[in-house]
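The structure appears below as structure tokens.
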Amino acid sequence: MAILTELPEEQEAAITYDVFLSFRGKDTRLGFMDHLYQALVNENISTFLDEEEVETGEELKPELAKAIKSSRASIVVLSRNYASSTWCLDELVMILEQRRVSDHFVLPVFYNVEATHIRKQESSFGEELLKHKKRIESEKDAEKKIQGARKLEMWRKGLTEIADLKGKDATGRRETVVIEEVMKEITTRLELHLQRRMPHLIGMDNSIHTISYWLKRGSSEAAEILTIWGMAGIGKTTLAKYMYLLHCHEFERSSFVEGIRRRCAQQTCSQLDLQKQLLGDILKKKKN
Numbered sequence: 001m002a003i004l005t006e007l008p009e010e011q012e013a014a015i016t017y018d019v020f021l022s023f024r025g026k027d028t029r030l031g032f033m034d035h036l037y038q039a040l041v042n043e044n045i046s047t048f049l050d051e052e053e054v055e056t057g058e059e060l061k062p063e064l065a066k067a068i069k070s071s072r073a074s075i076v077v078l079s080r081n082y083a084s085s086t087w088c089l090d091e092l093v094m095i096l097e098q099r100r101v102s103d104h105f106v107l108p109v110f111y112n113v114e115a116t117h118i119r120k121q122e123s124s125f126g127e128e129l130l131k132h133k134k135r136i137e138s139e140k141d142a143e144k145k146i147q148g149a150r151k152l153e154m155w156r157k158g159l160t161e162i163a164d165l166k167g168k169d170a171t172g173r174r175e176t177v178v179i180e181e182v183m184k185e186i187t188t189r190l191e192l193h194l195q196r197r198m199p200h201l202i203g204m205d206n207s208i209h210t211i212s213y214w215l216k217r218g219s220s221e222a223a224e225i226l227t228i229w230g231m232a233g234i235g236k237t238t239l240a241k242y243m244y245l246l247h248c249h250e251f252e253r254s255s256f257v258e259g260i261r262r263r264c265a266q267q268t269c270s271q272l273d274l275q276k277q278l279l280g281d282i283l284k285k286k287k288n
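Per full-length UniProt numbering, the very first residue in the sequence shown carries number 1; after that it's consecutive.
As structure tokens, then:
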């Protein structure tokens with residue numbers, strides 16, 4: 001019988017993306033960010049990039065907040081107009097909070113800006129924060145004014161904190177070289193993260209070797225199915241999850257749907273929901 005140690009289900013279920021991208025669209029969307037995003041996708045790194053060009057409303061969109069919390073890492077591209085966007089500043093605060101409460105990795109990229117200007121809120125960063133301050137001070141609603149002042153303070157602290165992190169300086173350098181460095185850093189960090197998340201298995205070496213060999217020799221033209229069979233409680237699900245984590249990065253698309261029987265028994269979940277999850281994972285939009 002195998003001795004198994006498995007990660008809590010809620011910890012596994014919380015992760016949706018490998019990387020969340022925070023950036024100012026007007027500065028970098030059609031150039032640096034487009035090339036960086038494509039490099040990440042080409043390496044099968046699941047990446048969240050907000051396609052919206054225009055901000056709507058004062059509050060950060062719920063899907064952005066959810067994506068940050070469900071990502072293993074964030075790349076924050078700090079450019080000249082980054083601080084002009086309250087959404088970018090809110091993203092930054094949330095990303096740094098996620099870093100404090102988990103092992104969320106944060107990599108800043110200084111895109112034609114000086115880290116010292118961000119740290120001290122000088123140059124365009126100081127100018128934009130001053131605009132935000134004046135807008136907040138002109139607010140007639142007392143409660144909104146108080147909330148705005150609190151946000152402004154969090155934005156200031158967030159900019160100082162991100163400027164103090166070790167990052168990549170893109171100023172005056174070829175973008176291809178910078179992106180290559182970013183990819184190397186992110187790939188290394190994600191591999192370390194994966195190793196920490198892997199459950200520890202004892203007594204399953206033969207099964208792991210057999211399944212790994214089967215996966216690597218599989219035909220690229222034919223669909224194949226592997227069934228793990230056995231009595232309840234011997235670790236079938238744990239083995240399946242282990243093999244998924246071990247090999248998912250080798251495939252263009254992957255999905256791990258667990259707890260099917262339990263979830264189908266719940267009134268809030270149906271087979272259609274499971275199908276949507278599976279199709280959503282394997283049919284993720286790939287940017288051209």
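For glycine and all other residues, C-beta sits at the position ideal for the given N, C-alpha and C. Please read all numbers here as calculations on a predicted model, not as lab measurements.
{"query": "In this structure, how does DSSP classify Leu60 when only helix, strand and coil are distinguished?", "result": "coil"}
{"query": "Mapping the DSSP letters down to three states, classify Thr176 as helix, strand or coil.", "result": "helix"}
{"query": "Closer than 7 Å, CB to CB, is Asn81 near chain B or not?", "result": "Reference to chain B is not applicable here, since this structure consists of a single protein chain."}
{"query": "Is Phe32 helix, strand or coil by DSSP?", "result": "helix"}
{"query": "Apply the 10 Å Cβ neighbour rule to Ala232 and answer buried if 16 or more other Cβ atoms are within range, or exposed otherwise.", "result": "exposed"}
{"query": "At 4 residues or longer, and completely inside the segment 90–119: list those alpha helix (DSSP H) runs for me, N to C.", "result": "115–119"}
{"query": "Which residues in the same chain have their Cβ closer than 8 Å to the Cβ of Gly230, if we skip the five residues on either side of it in sequence?", "result": "Lys236"}
{"query": "For my contact list, Ser85 and Val113 are in at a C-beta cut-off of 8 Å; report their separation, rounded to the angstrom.", "result": "Not really, about 14 Å apart at Cβ, beyond 8 Å."}
{"query": "From Gly126 to Cys88, what distance separates their C-alpha atoms?", "result": "15 Å"}
{"query": "Spatial neighbours of Leu49 within its chain, please: CB distance less than 6 Å, with the 5 preceding and 5 following residues excluded, ordered by chain position.", "result": "Leu21 and Tyr37"}
{"query": "Evaluate contact between the segment 100–120 and the segment 156–167, counting only Cβ atoms and requiring at least three cross-stretch pairs below 8 Å.", "result": "yes"}
{"query": "Give the range of the alpha helix (DSSP H) segment to which Asp164 is assigned.", "result": "Ala142 to Asp164"}
{"query": "Give me, in chain order, the residues of the same chain whose beta-carbon lies closer than 7 Å to that of Ala65; leave out the 5 immediate sequence neighbours on both sides.", "result": "Met94"}
{"query": "Do you know how far the Cα of Cys264 is from the Cα of Ser270?", "result": "5 Å"}
{"query": "For Thr187, which residues of its own chain have a beta-carbon under 8 Å away from its beta-carbon, when the five flanking residues on both sides are left out?", "result": "Glu43 and Ile45"}
{"query": "Between the Cα of Tyr242 and the Cα atoms of Val109, Ile202 and Lys184, which residue gives the shortest distance?", "result": "Ile202"}
{"query": "For the segment 139–148 and the segment 94–103, state whether three or more C-beta atom pairs, one from each stretch, are separated by less than 8 Å.", "result": "no"}
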